[in-house]
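Number of protein chains: 2
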Amino acid sequence: MNQMTNAPAAAGGSPGREHAPVEFYFDFSSPYGFLAAQKIGAIALRHRRAVDWTPILLGVIFKKTGSQPLTEIPLKGEYAKRDFERSARFHGLPRFRLPSRFPVPTQVPARLITWLKDASPGLVPAATLALYRAYFEDDIDISVPEHALAAAAGAGVDRAEAQAAIESAQVKDALRAAVDRAIARGVFGSPFIIVEGEPFWGLDRLEHVERWLEKGGF
Amino acid sequence: MNQMTNAPAAAGGSPGREHAPVEFYFDFSSPYGFLAAQKIGAIALRHRRAVDWTPILLGVIFKKTGSQPLTEIPLKGEYAKRDFERSARFHGLPRFRLPSRFPVPTQVPARLITWLKDASPGLVPAATLALYRAYFEDDIDISVPEHALAAAAGAGVDRAEAQAAIESAQVKDALRAAVDRAIARGVFGSPFIIVEGEPFWGLDRLEHVERWLEKGGF
Chain Z
-19 MNQMTNAPAA AGGSPGREHA PVEFYFDFSS PYGFLAAQKI GAIALRHRRA
31 VDWTPILLGV IFKKTGSQPL TEIPLKGEYA KRDFERSARF HGLPRFRLPS
81 RFPVPTQVPA RLITWLKDAS PGLVPAATLA LYRAYFEDDI DISVPEHALA
131 AAAGAGVDRA EAQAAIESAQ VKDALRAAVD RAIARGVFGS PFIIVEGEPF
181 WGLDRLEHVE RWLEKGGF
Chain C
-19 MNQMTNAPAA AGGSPGREHA PVEFYFDFSS PYGFLAAQKI GAIALRHRRA
31 VDWTPILLGV IFKKTGSQPL TEIPLKGEYA KRDFERSARF HGLPRFRLPS
81 RFPVPTQVPA RLITWLKDAS PGLVPAATLA LYRAYFEDDI DISVPEHALA
131 AAAGAGVDRA EAQAAIESAQ VKDALRAAVD RAIARGVFGS PFIIVEGEPF
181 WGLDRLEHVE RWLEKGGF
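Here is the structure:
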């Protein structure tokens, strides 16, 4: 990312050359993360930005912030379930369904994408969306390695390589380091978006992100 | 409110006659509540609805939900302060300032409005906004009775009557009962809006509220 930031402005104006990528942090068990993941690519593209997709582990982050999964909080939990589906309809994404097992640990899909960012970055957006859709549209438990690998394979990821990757100590360490870096940048929820240092939390801040990209701040 | 709901449809279509009022719940120490309070009247009016303004006490509600003030949560707190001001600018309300003392207990202004809803309902919107503006624009600590009374008096509320009201056991009980009713209706934050049983939490759900009013659900 620093390389891109420091690169000289490209003549052709291809996405992400003039400016730092839009940093997009998400947990694979986050409904609002899923909905935002389907929007962020188009938003960035409209403003000629690349997206830096970073899976995080809310479980680790919640320990630091003393938070808990939204659906487990009294009163708020019931509301949240209703709001997930209403937000999906509001954003024109009605295929969203709350999975039968929710939330799930997300180390497996997060490791897969952490590895893929290094191994084959061009596949990251499609693989991320394939994993998210398996979980939030087709009710497939992507915390199970078999299921995560199948979803990613559907997006063109090499299954054997991915399997080795999610079991590798190196990738586990890389994910842990990525989560620590995210926390150090102030990330505490999902989705979380950073545009040149400015933090935006939540699906409902995409409008702020869009205006920020358009005007360079407001 | 039930009376209005059950009333026959009025011929003239004046606000709030055909449908139940938009229920608007807010805490006087809630920045997003303040911003939403400046929007909800116009939204309701566009859809020929009245607003039922109900001050609540987040301190009481947070005890039930195990929540704490946003600004006191690690990481989230720093973000929230930034987001308050950015949200104010985004919504064209740049006079917002985080008060020097924040949050404050809100029994005093909440009792005042609870009493006013009964004593002089026509003054409720202006008095609510006057109290909110004193706190979030002019940095006046409205938890102090003198300051709350002065702000309300500026909106046409009788000062002596208001003073007697905020000290009265009956008004204290009425506020307690209103908070209990709000909790029973699922209210857990501020602002909280209910349109014919459909709950909406947060400034960022005003768009959902507007679409809901327009289409009768979505």
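Just so you know, the protein sequences line up as chains Z and C, in that order. Quick note: the first sequence uses the working numbering, first residue -19, plus one each step. Quick note: the second sequence uses the working numbering, first residue -19, plus one each step. Note that beta-carbon positions come from the ideal geometry of N, C-alpha and C, so glycine has one too.
Item checked: Contact check, alanine 60 of chain C vs leucine 183 of chain C, beta carbons under 8 angstroms -> no
Margin query: With H, G and I counted as helix, E and B as strand and the rest as coil, what does DSSP make of phenylalanine 180 of chain C?
Written below: strand
Item checked: Beta-carbon neighbours of aspartate 184 of chain C, restricted to chain A and to distances below 7 angstroms -> Protein chains Z and C are contained in the structure displayed, whereas chain A is not.
Notebook entry, point to check: Taking just the CA atoms, how far does proline 74 of chain Z sit from leucine 186 of chain Z?
Noted result: 18 angstroms
Next item on the list: Would you kindly check if the distance between the Cβ of alanine 128 of chain C and the Cβ of valine 88 of chain C is under 8 angstroms?
Entry: yes
Item checked: Option in Z/Arg28, Z/Arg91, Z/Ile163 with minimal Cα separation from lysine 152 of chain Z -> Z/Arg91
Check: Less than 8 angstroms separating the beta-carbons of alanine 162 of chain C and isoleucine 20 of chain C?
Finding: no
Checklist line | Contact check, valine 104 of chain Z vs tryptophan 192 of chain Z, beta carbons under 8 angstroms | finding: no
Margin query: Please tell me whether glycine 39 of chain C has its Cβ less than 8 angstroms away from any Cβ of chain Z.
Written below: no
Checklist line | Beta-carbon separation (whole angstroms), phenylalanine 6 of chain Z vs serine 170 of chain Z, contact threshold 8 angstroms | finding: 5 angstroms
Next item on the list: Can you grab the Cα-Cα spacing for the pair phenylalanine 76 of chain C / valine 159 of chain Z, in whole Å?
Entry: 34 angstroms
Next item on the list: Name, please, each residue of chain C whose Cβ falls closer than 7 angstroms to the Cβ of histidine 188 of chain Z.
Entry: Arg66, Phe70
Checklist line | Option nearest serine 80 of chain Z by Cα separation, candidates Z/Ala114, Z/Pro101, Z/Arg66 | finding: Z/Ala114
Next item on the list: Reducing DSSP to helix, strand and coil, say where aspartate 98 of chain Z ends up.
Entry: helix
Notebook entry, point to check: Along the chain, which unbroken stretches of the alpha helix (DSSP H) at least 4 residues long are found entirely within the region 75 to 119 of chain Z?
Noted result: 87 to 99, 104 to 116
Check: Which residue from C/Val40, C/Phe4, C/Lys44 puts its Cα closest to that of arginine 29 of chain C?
Finding: C/Phe4
Check: Is DSSP giving phenylalanine 6 of chain C helix, strand or coil here?
Finding: strand
Checklist line | Per DSSP, the bridge partner or partners of valine 31 of chain Z | finding: Z/Val2
Note to self: Please state the DSSP three-state secondary structure of valine 167 of chain C.
What the structure shows: coil
Margin query: In whole angstroms, give me the CA-to-CA distance for phenylalanine 172 of chain C and tryptophan 181 of chain C.
Written below: 5 angstroms
Margin query: Tell me the DSSP secondary structure of isoleucine 173 of chain C in three-state form.
Written below: strand
Next item on the list: Can you give me the Cβ contacts of valine 40 of chain C inside the same chain, cut-off strictly under 7 angstroms, excluding the 5 residues immediately before and after it?
Entry: Val159
Notebook entry, point to check: Can you tell me whether DSSP reads glutamine 48 of chain Z as helix, strand or coil?
Noted result: coil
Next item on the list: With a cut-off of 8 angstroms on the beta carbons, I'd call alanine 131 of chain Z and isoleucine 122 of chain Z a contact; round off their distance for me.
Entry: 6 angstroms
Notebook entry, point to check: Alpha carbon to alpha carbon, how far is phenylalanine 64 of chain C from leucine 78 of chain C?
Noted result: 8 angstroms
Check: Excluding sequence positions up to five away, which residues of its chain have a Cβ less than 6 angstroms from the Cβ of alanine 149 of chain Z?
Finding: none
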